[in-house]
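Listed in order, the protein sequences are those of chains Y and C. The number in the numbering used here is simply the position in the first sequence, starting from 1, with 209 added. The number in the numbering used here is simply the position in the second sequence, starting from 1, with 528 added. Since the structure comes first, as structure tokens, the remarks are kept for the end.
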Amino acid sequence: MVGATFTSAADHNVTDSHLYLDGIPHDRFAALRAQPGIAWHPYGNDGFWAVTRHADVKEVSKNPEVYSSALGHTNLWDLEADALEARRSLIDTDAPDHTRLRRLISNVFTPKDIGRWGDLTRSVVHDVLDDFEAAGGGDWVDLVAAPLPIRVILSILGVPIEDADYLVELSNYLVEGTGEEQSLPPDAFGNSTELRLLPFNSPASHAMFEYGARLADLRRDNPRDDMVTMLVQAEADGKKLSASEFRNLFHLLIFAGNETTRTALSHGAIAFAEHPAQLARLTADRSLIDTATDEVLRSATPVLHMRRTTTRATELAGTEIGAGEKVVMWYASANRDESVFPDPFAFDIDRGGSNQFSFGGGGPYFCLGAFLARLEISSLFDAMADRGIGLEQRGEIKRCPSNCVHGVLAVDMEPVK
Amino acid sequence: MNECSDRVAPNPVTLIVDAEKCIGSGMCEMLEEAIFLIDEDTNVADVIGTGHLPADRAAAVIDRCPAGAISATDQAAT
Chain Y
210 MVGATFTSAA
220 DHNVTDSHLY
230 LDGIPHDRFA
240 ALRAQPGIAW
250 HPYGNDGFWA
260 VTRHADVKEV
270 SKNPEVYSSA
280 LGHTNLWDLE
290 ADALEARRSL
300 IDTDAPDHTR
310 LRRLISNVFT
320 PKDIGRWGDL
330 TRSVVHDVLD
340 DFEAAGGGDW
350 VDLVAAPLPI
360 RVILSILGVP
370 IEDADYLVEL
380 SNYLVEGTGE
390 EQSLPPDAFG
400 NSTELRLLPF
410 NSPASHAMFE
420 YGARLADLRR
430 DNPRDDMVTM
440 LVQAEADGKK
450 LSASEFRNLF
460 HLLIFAGNET
470 TRTALSHGAI
480 AFAEHPAQLA
490 RLTADRSLID
500 TATDEVLRSA
510 TPVLHMRRTT
520 TRATELAGTE
530 IGAGEKVVMW
540 YASANRDESV
550 FPDPFAFDID
560 RGGSNQFSFG
570 GGGPYFCLGA
580 FLARLEISSL
590 FDAMADRGIG
600 LEQRGEIKRC
610 PSNCVHGVLA
620 VDMEPVK
Chain C
529 MNECSDRVAP
539 NPVTLIVDAE
549 KCIGSGMCEM
559 LEEAIFLIDE
569 DTNVADVIGT
579 GHLPADRAAA
589 VIDRCPAGAI
599 SATDQAAT
């Protein structure tokens, strides 16, 4: 394992999952950002180019024809060819298939379309805050950050609300799959597929595939006004989604629509608990809600990195990069780049501009659910301002041991007036 | 014509969408609703209205299009 033998290069190791139990290793990222060019980071028997500056992450993001999402994997490790095919979703597909898939589902995720979910989202926000206040506080993840996004995405997809707990449970197991240890046996949920063929190497992915396929069958026979119906009926360039495309997309939408927003809402609460003056500022001036949402996103960076693989030899920040090499964009670092964000570790809800990279560094892989996530985050903190409640953190943050997602497993919060 | 990559487009500029590249994110429609509309059948952005924007707003919408599908034409707006 990387991390056991520290050489000079390994002092900048940012992949050891255990580092993340104490939070993002920002000192190491700062050291990487300060180095000229792009640093080579050892990983396993090989390594990757660690892209840590804001401008370089943007450059990689905006040039998908050089920095492919479809080769190898979008995680640090490569997948075997058959596993890559079986697991392939929107995230690890290149143009033109990416463009076709993305377009096929884009018309429920544009800012205009997301606006239709405003009332639903605000109603869910008030429900979870009612529960939180009635309980006198407790685990913020369990009471607020987890139920809010899953209820919203399930409503949009058309998943019955009584199945929400089951899908939250599956999603929690998937997060485990991004760390190093899994508590599930390989045959959990009746799984008989080799784990390497499943997203996050998790049998919970099998369960999510099965659930999605059953729901698709139901909606094919009895169409409803929901997103699963739209997906099974949709065509782009004369082609419907294949069964594999559908199940991977369903899986992606549940996981991404749930886990990443949960992380943002958790870190947002932690930041506002630590900086009550910022919440007071928002309460006094609601016109700050958009920039506050960006600052919550910047502070949270729910997805720490994404990997690309070069299609040809290229140059980045003066560093020669060969063809077929791994290039990893560390959003966690770009979001603390001192050349873009003055005093980057300060939580300031009025930075202005939306150049944080929690939705990616631009380019066609820009987060599909960005506008939905913004709606959920802004609705939550706006509602807290409405209610005049602040937060006091009790005890330590229990973090996810992952170099990939910035997950919060639990954090106790108390509502304060 | 003189090939100069950093040539500044005249003000205002006319914008066009590359339908092959567009992913239908709706970013342009959010930023400049008088100029862009996502077609409900194709999910691709269409240029509506004049298609003209002042250079600074044109640069912003070009930069923020995730797909890199928006560009300024050489033809100056009148």
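We put the CB at the ideal spot given by N, CA and C, even for glycine. Remember, predicted model here, so these are calculated numbers, not experimental data.
Supposed close pair residue i, residue j - CB separation, criterion 8 Å
i: Val505 of chain Y; j: Thr469 of chain Y; result: With a Cβ gap of about 12 Å, Val505 of chain Y and Thr469 of chain Y do not count as contacting.
i: Asp301 of chain Y; j: Ser278 of chain Y; result: 5 Å
i: Ala482 of chain Y; j: Gln391 of chain Y; result: With 8 Å as the limit, Ala482 of chain Y and Gln391 of chain Y do not qualify as a contact, their Cβ atoms being about 31 Å apart.
i: Leu338 of chain Y; j: Arg596 of chain Y; result: 7 Å
i: Glu557 of chain C; j: Thr502 of chain Y; result: In fact, because the Cβ distance is near 19 Å, the residues do not count as touching under 8 Å.
Start-to-end residues for the alpha helix (DSSP H) that takes in residue i
i: Gln487 of chain Y; result: Pro485 to Ala493
i: Val334 of chain Y; result: Gly327 to Ala343
i: Phe409 of chain Y; result: Unbroken run through Phe409 of chain Y: none, as it is neither H nor E.
i: Pro320 of chain Y; result: Pro320 to Ile323
Straight-line Cα distance separating residue j from residue i
i: Arg262 of chain Y; j: Ala478 of chain Y; result: 27 Å
i: Glu274 of chain Y; j: Thr520 of chain Y; result: 7 Å
i: Phe580 of chain Y; j: Leu393 of chain Y; result: 34 Å
i: Phe590 of chain Y; j: Gly281 of chain Y; result: 39 Å
i: Arg433 of chain Y; j: Ala452 of chain Y; result: 19 Å
i: Asp303 of chain Y; j: Leu230 of chain Y; result: 33 Å
i: Asn284 of chain Y; j: Leu293 of chain Y; result: 11 Å
i: Leu329 of chain Y; j: Gly466 of chain Y; result: 15 Å
i: Thr510 of chain Y; j: Asp567 of chain C; result: 32 Å
i: Ile598 of chain C; j: Lys271 of chain Y; result: 13 Å
i: Ala600 of chain C; j: Arg585 of chain C; result: 11 Å
i: Arg471 of chain Y; j: Glu585 of chain Y; result: 10 Å
i: His484 of chain Y; j: Gly324 of chain Y; result: 30 Å
i: Leu383 of chain Y; j: Lys449 of chain Y; result: 27 Å
i: Ala547 of chain C; j: Ala573 of chain C; result: 7 Å
i: Gly571 of chain Y; j: Arg592 of chain C; result: 7 Å
i: Ala583 of chain C; j: Leu474 of chain Y; result: 37 Å
i: Ala343 of chain Y; j: Leu577 of chain Y; result: 34 Å
i: Val620 of chain Y; j: Ser411 of chain Y; result: 25 Å
i: Trp349 of chain Y; j: Met593 of chain Y; result: 13 Å
Cross-chain neighbours of residue i in chain Y, by beta carbon under 9 Å
i: Gly577 of chain C; result: Those do not exist, as Gly577 of chain C stays about 16 Å from chain Y at its closest Cβ, beyond 9 Å.
i: Ile590 of chain C; result: None at all; the shortest Cβ gap to chain Y is about 11 Å.
Residues that residue i contacts on chain Y, provided the C-beta gap is smaller than 7 Å
i: Ile551 of chain C; result: Thr308, Arg311, Arg312, Ser315 and Pro573
i: Ala595 of chain C; result: Pro573
Residue i CB to nearest heavy atom of the ligand PLP below 7 Å
i: Leu506 of chain Y; result: Although the ligand PLP was asked about, the structure shown includes no ligands whatsoever.
Cross-chain neighbours of residue i in chain C, by beta carbon under 9 Å
i: Lys321 of chain Y; result: Gly554, Glu557, Met558, Glu561 and Ile566
Contact set between residue i and chain Y, taken where Cβ atoms lie within less than 8 Å
i: Val572 of chain C; result: Arg312
Range covered by the beta strand (DSSP E) that runs through residue i
i: Ile544 of chain C; result: Val541 to Val545
i: Lys535 of chain Y; result: Lys535 to Trp539
i: Glu605 of chain Y; result: Gly599 to Arg608
i: Phe257 of chain Y; result: Asp255 to Val260
i: Ala619 of chain Y; result: Val617 to Val625
Residue-chain proximity (residue i, chain D), Cβ-Cβ < 8 Å
i: Ile530 of chain Y; result: Any reference to chain D falls outside this structure, whose protein chains are Y and C.
| request: Closer than 7 Å, Cβ to Cβ, to anything on chain C: give me those residues from the segment 572-585 of chain Y, in chain order. | output: Gly572, Pro573 and Phe575
| field | Contact residues within the segment 270-284 of chain Y, judged by C-beta distance below 7 Å to chain C | value | Lys271
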